[in-house]
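Engineer: First, the structure itself, so that you have it in front of you.
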Amino acid sequence: MSLRIKFLALLVVIPSLCLGIFLHFAITTFVNDKKLSLLENQFNLLNSTNLIFLNSQKPENLREAISNLKKQEGFENLVIITPTGKLWPEEKESLETVYGSEVYQKLLSQTSGEGSFEVKAKDKGSLLVSFLRVNNDSLNPLIFIITTPSSLADRASVLFLFKAVAAFVALLSIAILISILYSNKLTNGIKVLSQAMSDFGGGKFDTELPTSNDEDEVATMTNQFQIMRKQIKNLIFEKEEKTKIETEMSLAGNLQKSFFPEPVNDFGGASFAGFFQPASHAGGDWWYYFQKDHLFVFLIGDVTGHGLNSAMLTGVARAAVSLISSSFISPVDTLEKLNQVICDTAGGKLMMTCVVASLNTESGEINIANASHEVPFSLPSEDRDLIKKDLKFFMSDPGPRLGENANAKYKASKFQIDDGESMVFFSDGLLDVQNPEGKAFGERNLFKLICKDQRKRNSSQDLLEKIRRNVLQFKSTAELVDDLSFFVVKWSKIRNGNEHV
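Quick note: the sequence shown uses my numbering, first residue 42, plus one each step.
Below, the structure is given as structure tokens:
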């Protein structure tokens, strides 16, 4: 059922119920008032009859006067009876035979000189009866009676009802006409809004809605819906854009994975194990390795910030190192060439810390050049719990970051490592890992973890897994605040020309 029909039905039903209740009480009151009016008229007629009676001294004159009086309007139902109930003057019939015993018994029960009552009469229906007892010196006491059918009051009430209903119908018709005109405006707005909501549910956001300066509920609801629709449309657009960006970032992250070599490798004297996890889809950390004759070259870099821009710069560095590896000279030469490439590419907007090392797999000599990166360290091959003093830190001249100064110069430092010694290279993201309470992992935890339960037999992969497992356990459900990358290189002295331990 449409809203308009419900509205109009409500408009008809409620006033009709109110009218019915009103008419019930109004007609009841009207009928009672009408009966009182009829009874008052009857008493006036009885008093007129009494005056005639009092002015007539002889019975003959009274009979003639009464006979003439009955011919006048209003006196048709005038009856005069004797105290015994006989109709005067003939006294042949009785009141009981004409009107029934109920009227007669009711009259006998009246003790006053005058009065009125309503009673059902024989074959005459309900009657309004008024009586007056009179005395005359020449006659016995008489009782004047005038009756009026109660239906006269009912007929008057029907006329009143007809007029009231006619007036109500006229007013209701006008109200319905006005309501139809108003409901058209009301329901049309609701229909348009309903259609717009239906279209909105189906994914159509451009259904036109009328503009209105009205302050009614429909106009307010329409305006609020338009605001809500616009906001949701913007949210959907933002979500689509975000999904698009996330997809592109995911693709960028997958592409960045190709910048890294295999995470586990062995180069006849040096074993490598590396780990990388970006803080977002793509990151600014990057490590790499390659072999040049008897040299095993490895490096790790950290671009300022993290995200797509940083990841793109690691791609540039990866391409540059691919060219450098074919004609590798030294770690210093590698840093200087990378510095030129990053200066030309980033123009000083992005920079990279980096450390490059070349390990002589035959002698264990390591040559390191550092561009403001975290200082790497090594731990001896011993079966015991170590302390920090047991660790060897590869301190070298910390040159400027790559991309900071195109004319920057770098220096290398040489170190000798022992057989079975493991080297750890990492970015600052390892130390910055936070737990859910916001506490950073830090150097203390790292060195404590490294030193505990050291074993000669541990491979580079064993040590890397030990670090990875404990760091991620510390992080728990917290998000990474920076890219996480590190690797382990273990050198084993070559024996018999082709074997190492």
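Just so you know, even glycine gets a beta-carbon here, dropped at the ideal spot from N, CA and C.
1. Any idea what DSSP makes of Met393, helix, strand or coil?
2. From the DSSP output, read off the bridge partner residues of Gln565.
3. Output the residue ranges of the beta strand (DSSP E) runs that lie fully inside the stretch 105-145 and measure 3 residues or longer, sorted by chain position.
4. Where does Met464 fall in DSSP's three states?
5. DSSP on Thr284, reduced to helix/strand/coil?
6. Under a three-way DSSP split, which group does Gly324 fall into?
7. Measure the Cβ-Cβ separation of Glu134 and Tyr145 and say whether it is below 8 angstroms.
8. I'd like to know whether the C-beta atoms of Ile121 and Leu183 end up nearer to each other than 8 angstroms.
9. Short check: CB of Leu400 to CB of Phe418, under 8 angstroms?
10. Would you grab the beta carbon distance between Ile187 and Leu87 for me? Rounded to a whole angstrom, and I think it's under 8 angstroms.
11. With DSSP as the reference, identify every bridge partner of Asp307, one or two as the case may be.
12. Using DSSP bridges, identify the partner residues of Gly156.
13. DSSP on Asn546, reduced to helix/strand/coil?
14. For Leu420, which option in Ala449, Gly461, Leu443 and Arg196 has the closest C-alpha, if you only look at C-alpha atoms?
15. Between the C-alpha atoms of Thr355 and Ile383, what's the straight-line distance to the nearest angstrom?
16. Assign Gly294 to one of three DSSP states: helix, strand, or coil.
17. Whole angstroms is fine: what's the gap from Leu58's alpha carbon to Ile277's?
18. Would you please state the rounded distance, in angstroms, between the beta carbons of Leu64 and Leu202? I believe it to be under 8 angstroms.
19. From Gly405 to Pro302, what does the alpha carbon distance come to, in whole angstroms?
20. Does the stretch 482-496 touch the stretch 510-518, meaning 3 or more C-beta pairs lie closer than 8 angstroms?
21. Can you name, in chain order, every residue of its own chain whose Cβ lies under 6 angstroms from the Cβ of Lys378, other than the five neighbours on each side?
22. From Glu114 to Leu193, what distance separates their C-alpha atoms?
23. Give me, in chain order, the residues of the same chain whose beta-carbon lies closer than 6 angstroms to that of Gln318; leave out the 5 immediate sequence neighbours on both sides.
24. Are the Cβ atoms of Gln502 and Val338 separated by less than 8 angstroms?
25. Leaving out the 5 sequence neighbours to the left and right, which residues in its chain are closer than 8 angstroms to Gly440 when beta-carbon positions are compared?
26. Roughly how many angstroms lie between the CA atoms of Lys127 and Ala106, to the nearest whole one?
27. From the DSSP output, read off the bridge partner residues of Phe317.
28. So, helix, strand or coil for Arg270, using DSSP?
Structural biologist: By the coordinates alone:
1. If you number the sequence shown from 1, residue 393 lands on position 352. It is a strand residue.
2. What the structure shows of the chain is the stretch from 42 to 542, and residue 565 is not part of that stretch, so it cannot be assessed.
3. 119-122
4. In the sequence shown, the residue the question calls residue 464 occupies position 423. If DSSP states are grouped into helix, strand and coil, Met464 belongs with the strands.
5. Here the question's residue 284 lines up with position 243 in the sequence shown. Thr284: helix per DSSP, three-state reduction.
6. Counted from its first residue, the sequence shown places residue 324 at position 283. Gly324 falls in the coil class under three-state DSSP.
7. Your numbering for residue 134 matches position 93 in the sequence shown. Your numbering for residue 145 matches position 104 in the sequence shown. Cβ distance not < 8 angstroms, so Glu134 and Tyr145 don't count as in contact.
8. As a working note, residue 121 is residue 80 in the sequence shown. As a working note, residue 183 is residue 142 in the sequence shown. Contact flag set, yes.
9. Walking along the sequence shown from the start, residue 400 turns up at place 359. Walking along the sequence shown from the start, residue 418 turns up at place 377. Contact: no.
10. As a first step, residue 187 must be located in the sequence shown, where it is residue number 146. As a first step, residue 87 must be located in the sequence shown, where it is residue number 46. That pair is a contact at about 6 angstroms.
11. Along the sequence shown, one-based indexing puts residue 307 at 266. DSSP, once it has assigned bridges, lists Ser312 as partnering Asp307.
12. The residue labelled residue 156 in the question sits at position 115 within the sequence shown. Answer by DSSP bridge pairing, in chain order: Phe172.
13. No answer is possible for residue 546: the residues shown for the chain start at 42 and end at 542.
14. Stepping through the sequence shown from its first residue, residue 420 is reached at position 379. Taking only the C-alpha atoms, the option nearest Leu420 is Gly461.
15. Residue mapping note: residue 355 aligns to position 314 of the sequence shown, counting from 1. Residue mapping note: residue 383 aligns to position 342 of the sequence shown, counting from 1. Those two C-alpha atoms are separated by around 10 angstroms.
16. Taking the first residue of the sequence shown as position 1, residue 294 is located at position 253. In this structure, Gly294 counts as helix in the three-state DSSP scheme.
17. Mapped onto the sequence shown, residue 58 falls at position 17. Mapped onto the sequence shown, residue 277 falls at position 236. Computed Cα separation, rounded: 51 angstroms.
18. By one-based count along the sequence shown, residue 64 stands at place 23. By one-based count along the sequence shown, residue 202 stands at place 161. Going by Cβ atoms, the distance from Leu64 to Leu202 rounds to 6 angstroms, so yes, they are a contact pair.
19. Taking the sequence shown and counting its residues from 1, the one referred to as residue 405 is at position 364. Taking the sequence shown and counting its residues from 1, the one referred to as residue 302 is at position 261. For Gly405 and Pro302, the distance between alpha carbons rounds to 23 angstroms.
20. yes
21. Here residue 378 refers to the residue found at position 337 of the sequence shown. The residues are Ile365.
22. Walking along the sequence shown from the start, residue 114 turns up at place 73. Walking along the sequence shown from the start, residue 193 turns up at place 152. Roughly 15 angstroms separates the two Cα atoms.
23. For the purposes of this step, residue 318 is taken as the residue at position 277 of the sequence shown. These residues qualify, in order along the chain: Leu525.
24. One-based indexing of the sequence shown puts residue 502 at position 461. One-based indexing of the sequence shown puts residue 338 at position 297. Not in contact: Gln502 and Val338 (Cβ atoms no closer than 8 angstroms).
25. Residue mapping note: residue 440 aligns to position 399 of the sequence shown, counting from 1. Leu376, Ala410, Asn411, Ala412, Ser413, Ala449, Lys450, Tyr451 and Lys452.
26. Along the sequence shown, one-based indexing puts residue 127 at 86. Along the sequence shown, one-based indexing puts residue 106 at 65. Roughly 19 angstroms between the two C-alpha positions.
27. Counting from 1 along the sequence shown, the entry for residue 317 is found at position 276. DSSP lists Ser526 as partners of Phe317.
28. Indexing the sequence shown from 1 puts residue 270 at position 229. Arg270 falls in the helix class under three-state DSSP.
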